[in-house]
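> Structure provided below as structure tokens; questions to follow.
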Amino acid sequence: MHHISNSQSIVKTASIYFVAVSSLVALYLFVADLWVMDSYLRLNASLTAFVLNLSWIDVATESTVVSSDSFGMKIIPECTPLLPAAILVSGMIAFPGSWPHKLMGVVGGILALSMINIVRTTSLFYIGMWAPSQFETAHLLVWQSLMILSTVALWVVWYKARRYVTH
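Using my numbering, the first residue of the sequence shown is number 64, and each one after it goes up by one.
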């Protein structure tokens with residue numbers, strides 16, 4: 064009897080996770096087409112330019128394009144932390160735990176992924192300027208992998224922190 068109840072619990076958890084992930088992916092796809100996305104992309108471009116300008120590289124932004132005299136790149140929805148954040152939030156919401164712990168994880172995780180993404184776009188700009196032949200490799204292989212690993216690592220940190228949060 065215990066085996067059946069445990070199996071039902073696993074199915075219930077998997078179902079909740081599937082619905083949460085599907086809902087957040089659908090929300091991502093919906094938001095990607097809204098006018099809000101353009102403002103969000105502009106914000107990402109502006110933050111990238113701000114960080115680059117701190118390092119004495121003269122860059123400018125026009126709409127969602129960050130450019131210098133020698134290189135330019137356009138920030139598109141896939142250049143944002145939205146999808147990794149949606150996956151992270153889905154995992155946090157679907158996993159058993161207290162709501163305060165989930166909320167802390169969601170807020171902290173989204174902020175962390177946003178900061179990691181600014182490091183990503185800034186480093187890609189440097190690579191585009193100084194090693195343009197390596198840009199695609201860094202963009203598609205290195206940084207996509209690092210974003211996935213960052214998302215998983217943030218979930219693991221959140222999961223392990225549950226023992227320090229009072230229920």
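From the three backbone atoms N, C-alpha and C, an ideal C-beta is built for every residue, glycine too.
On a predicted model such as this, the values are computed, not experimentally measured, just so you know.
I'd like to check one pair, residue 76 with residue 150: are the Cβ atoms closer than 8 Å?
Their beta carbons are not under 8 Å apart, which means residue 150 does not touch residue 76 by this criterion.
> Pick helix, strand or coil for residue 126, following the three-state DSSP scheme.
DSSP places residue 126 in coil when its eight states are reduced to three.
> If you check the beta carbons only, do residue 188 and residue 136 fall under 8 Å apart?
Yes, the Cβ-Cβ distance between residue 188 and residue 136 is below 8 Å.
> If we count the other Cβ atoms within 10 Å of its Cβ and call it buried at 16 or more, is residue 153 buried or exposed?
Label assigned to residue 153: buried.
> Alpha helix (DSSP H) containing residue 168: first to last residue?
Start and end: 162-193.
> Could you tell me which residues DSSP pairs with residue 136 in its beta bridges?
DSSP output for residue 136 lists 129 as bridge partner(s).
> Would the region 190-197 and the region 125-141 be scored as touching if the rule is three or more Cβ pairs under 8 Å?
Segments in contact, yes.
> Between the region 154-162 and the region 219-229, do three or more beta carbon pairs fall short of 8 Å?
Contact holds: three or more Cβ-Cβ distances are below 8 Å.
> Between residue 184 and residue 127, which are expected to be in contact by the criterion C-beta below 8 Å, what is the C-beta distance as a whole number of angstroms?
Their Cβ separation, rounded to whole angstroms, is 11 Å, which puts residue 184 and residue 127 out of contact at 8 Å.
> By Cβ distance below 6 Å, which residues in the same chain neighbour residue 147 in space, the five residues on each side in sequence not counted?
Only 176, 210, 214 meet the Cβ criterion.
> What number of angstroms, rounded off, separates the C-alpha of residue 178 from the C-alpha of residue 85?
Distance between the alpha carbons of residue 178 and residue 85 is about 25 Å.
> Tell me whether residue 206 sits in a helix, a strand or coil according to DSSP, three-state version.
Residue state, collapsed to three classes: helix.
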